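This report concerns only the one structure given below.
There are 2 protein chains.
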Amino acid sequence: MKDIRSISPSTQVCSVIGNPIAHSLSPAIHNAAFLELDLDFVYVAHRVEDVKNALAGMRALNNFRGMSVTIPHKTVIIKYMDEVTEVDRSIGSINTVINEHGKLLGFGTDGPGALKAIIDAGVEIEGKRVLMLGSGGAARAISFTLARNTRLGELSILDVNKSMLQQLSADLSAGTDVFIKSELLTDKSLGLAMENADIILHCTPIGMQPNQDASLIPAGLFRPEQVVFDVVYTPLETKLLAEARSCGLKVISGIDMFVNQAVLQFERFTGVDAPVDVMRRIVMERLGP
Amino acid sequence: MKDIRSISPSTQVCSVIGNPIAHSLSPAIHNAAFLELDLDFVYVAHRVEDVKNALAGMRALNNFRGMSVTIPHKTVIIKYMDEVTEVDRSIGSINTVINEHGKLLGFGTDGPGALKAIIDAGVEIEGKRVLMLGSGGAARAISFTLARNTRLGELSILDVNKSMLQQLSADLSAGTDVFIKSELLTDKSLGLAMENADIILHCTPIGMQPNQDASLIPAGLFRPEQVVFDVVYTPLETKLLAEARSCGLKVISGIDMFVNQAVLQFERFTGVDAPVDVMRRIVMERLGP
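In structure tokens form, the structure reads like this:
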């Protein structure tokens, strides 16, 4: 497809919905991938307040093939799906909807995107002690995905929000067989957890623009044999990752998870392997200096 | 906008809905026009059975700016509009929906498109005796538009379908002040009407592919001072128009009405003057030999 004049009645449409949506990179990423593979798809963006009717429309509009879902709709949208996997119900949020001839299938690619980033970095997870900081939406998606799909040794979760922490811990205990420790995040609990951790997953917004001078982990706690993953990808290298890297740790940027979640969506939208490099390049162009 | 990689969250989306929709030229026409004027719009197509929910979706999906509506939804869709002009209610069908921040405005551009084709051909309508053949959807749109917006002398309507003919005649009498004669279409009534007519508007499917060897008007009835307009545009020149032209009559092809209805939609979608020549060229390329 060279330009929009090639769009025909057979062209399949995908969209990202959210509110606000003005800064979404999803149209740029997915359209670049459609173009690269010469697929008869186009990707647009819609600001949405009324999720229920947006989905009623998706069902009724044939060729409206796929939807990426972002804040604030990732949780509420589940109830309008015809099918959601058990793990996504446990996580309690999804970021993708596929329209199979009027039947809406919902699922999340954030957790699988993070897991793929960790595996692609060559990190061995089996038997490892994983420390997760945070218990919000990203933490839920990633912890359930790791608990279900890897044989990690133990999962420690620290957060300042006690009720969210307890909820995630209880849900993981009920829905998986992972060995969990959870504790309120304090200087002391963090220090002890860092002594123990092989892999650190930072799943809070700390360090995100415009607060890029913050990091949750004092650099003195790092050990070179540790791996640090950060869900934050603006800036591309957070203070946390920059300090960890200069201490000799292996670091994995949130950008990898972000690209991967789009890659996994693309592959469900289209049924073909995504041109990962093209998608990554678009993200780097848009987010880079 | 060079290619689909330029689509962003600010891009406005338009669509044609109908069933079937596979042969619609609307995406090609409108996208060529958006591209020509470098407008941040994209136009797709959706096969739709459930009109109500398709429109609920349009309301909920911000940036879903405009919709072209085709068979079989042009009549039923009126009841889901927030606003429809009186003339379009009288006609009983629309072909366009504009989404003004969740408020749906419906209107028809078939009648205005036909009127523009006649005016653009340099035909004077004021005081003229107009013969309309047919009383279906196109006939309704064109007759109401002419009756409301021109000072034609008299309007004769002939059709083989008595109930539709009577209904249109009654509706025109109630909704306009045009002087109407209506009669069942027979060889005799046609012969008499042709003796009287200045402008002949053919609004039936006769002559349309794959029945392009048919014409409703025997060539012997033509007089060179008459004008013949045909709503049919496949083939580009119907047998009716070919015979009329060889008898020296001025002829207006349905293609002009078809291009104009899209032009008028485009101008309502975008608020700017349409690149008419570009839109016509796309239609000719797609429909030409």
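Sequence order for the protein chains is E and Y.
Each step along the first sequence adds one to the number in numbering that gives the first Met the number 0, with nothing skipped, and position 84 is 83.
Each step along the second sequence adds one to the number in numbering that gives the first Met the number 0, with nothing skipped, and position 211 is 210.
Ideal placement from N, C-alpha and C gives every residue a C-beta, glycine not left out.
Nothing here was measured: the structure is a model prediction, and the numbers come from that model.
Residue i CB to nearest heavy atom of the ligand ATP below 7 Å
{"i": "Y:Q208", "result": "Looking at this structure, you won't find the ligand ATP or any other ligand, since it has none at all."}
Integer Cβ distance of residue i from residue j, believed to fall under 8 Å
{"i": "E:H72", "j": "E:V86", "result": "That belief does not hold up - the Cβ atoms of E:H72 and E:V86 are roughly 19 Å apart, past 8 Å."}
{"i": "Y:L130", "j": "Y:L200", "result": "7 Å"}
{"i": "E:F221", "j": "E:A243", "result": "6 Å"}
{"i": "Y:D2", "j": "E:L34", "result": "6 Å"}
{"i": "Y:E48", "j": "Y:N18", "result": "6 Å"}
{"i": "E:T144", "j": "E:A113", "result": "7 Å"}
{"i": "E:C202", "j": "E:G287", "result": "Contact doesn't hold; Cβ gap of about 24 Å is too wide."}
{"i": "E:P234", "j": "E:Q211", "result": "5 Å"}
{"i": "Y:G107", "j": "E:M57", "result": "With a Cβ gap of about 27 Å, Y:G107 and E:M57 do not count as contacting."}
{"i": "E:Q11", "j": "E:R88", "result": "Between E:R88 and E:Q11 the Cβ distance is about 27 Å, and since that is not below 8 Å, they are no contact."}
{"i": "Y:E182", "j": "Y:L154", "result": "With 8 Å as the limit, Y:E182 and Y:L154 do not qualify as a contact, their Cβ atoms being about 12 Å apart."}
Coarse secondary structure for residue i, derived from DSSP in three states
{"i": "Y:L36", "result": "coil"}
{"i": "E:A44", "result": "strand"}
{"i": "Y:E194", "result": "helix"}
{"i": "Y:H29", "result": "helix"}
{"i": "Y:F268", "result": "helix"}
{"i": "Y:M207", "result": "coil"}
{"i": "E:K73", "result": "coil"}
{"i": "E:G136", "result": "helix"}
{"i": "Y:V262", "result": "helix"}
{"i": "Y:L60", "result": "strand"}
{"i": "E:V83", "result": "strand"}
{"i": "Y:L164", "result": "helix"}
{"i": "Y:T144", "result": "helix"}
{"i": "E:P234", "result": "coil"}
{"i": "E:V177", "result": "coil"}
{"i": "Y:F221", "result": "coil"}
{"i": "Y:D49", "result": "coil"}
{"i": "E:L189", "result": "helix"}
{"i": "E:S7", "result": "coil"}
{"i": "E:I216", "result": "coil"}
{"i": "E:D170", "result": "helix"}
{"i": "Y:S23", "result": "coil"}
DSSP bridge partner residues for residue i (one or two, in chain order)
{"i": "E:H100", "result": "Answer by DSSP bridge pairing: none, since E:H100 is not bridged."}
{"i": "E:T95", "result": "E:S67 and E:F106"}
{"i": "Y:I251", "result": "Y:F228"}
{"i": "E:E182", "result": "E:L157"}
{"i": "Y:L200", "result": "Y:M131 and Y:F228"}
{"i": "E:L151", "result": "E:E125"}
Cβ-Cβ distance between residue i and residue j below 8 Å
{"i": "E:A31", "j": "Y:R4", "result": "yes"}
{"i": "E:A140", "j": "E:S172", "result": "no"}
{"i": "E:I90", "j": "E:G110", "result": "yes"}
{"i": "E:D255", "j": "E:A116", "result": "yes"}
{"i": "Y:C13", "j": "Y:F268", "result": "yes"}
{"i": "E:G121", "j": "E:G152", "result": "no"}
{"i": "E:L104", "j": "E:E82", "result": "yes"}
{"i": "E:A213", "j": "E:K187", "result": "no"}
{"i": "Y:A27", "j": "E:S7", "result": "yes"}
{"i": "E:S252", "j": "E:D276", "result": "no"}
{"i": "Y:H159", "j": "Y:L189", "result": "According to the sequence displayed, residue 159 of chain Y carries Val and not His. No, Cβ-Cβ distance for Y:V159 and Y:L189 is not below 8 Å."}
{"i": "Y:I70", "j": "Y:H45", "result": "no"}
{"i": "Y:L164", "j": "Y:S142", "result": "no"}
{"i": "Y:T149", "j": "Y:I124", "result": "yes"}
{"i": "E:N61", "j": "Y:A59", "result": "no"}
{"i": "E:L240", "j": "E:V227", "result": "yes"}
{"i": "Y:A137", "j": "Y:T175", "result": "no"}
{"i": "E:D39", "j": "E:S67", "result": "no"}
{"i": "Y:L24", "j": "Y:V231", "result": "no"}
{"i": "E:L248", "j": "E:P274", "result": "no"}
{"i": "Y:V41", "j": "E:V41", "result": "yes"}
Limits of the unbroken beta strand (DSSP E) element including residue i
{"i": "E:R128", "result": "R128 to L132"}
{"i": "E:G17", "result": "Q11 to G17"}
Limits of the unbroken alpha helix (DSSP H) element including residue i
{"i": "Y:G121", "result": "Premise fails: Y:G121 is in no alpha helix (DSSP H) and is neither H nor E."}
{"i": "E:S245", "result": "K238 to S245"}
{"i": "Y:R280", "result": "V275 to L286"}
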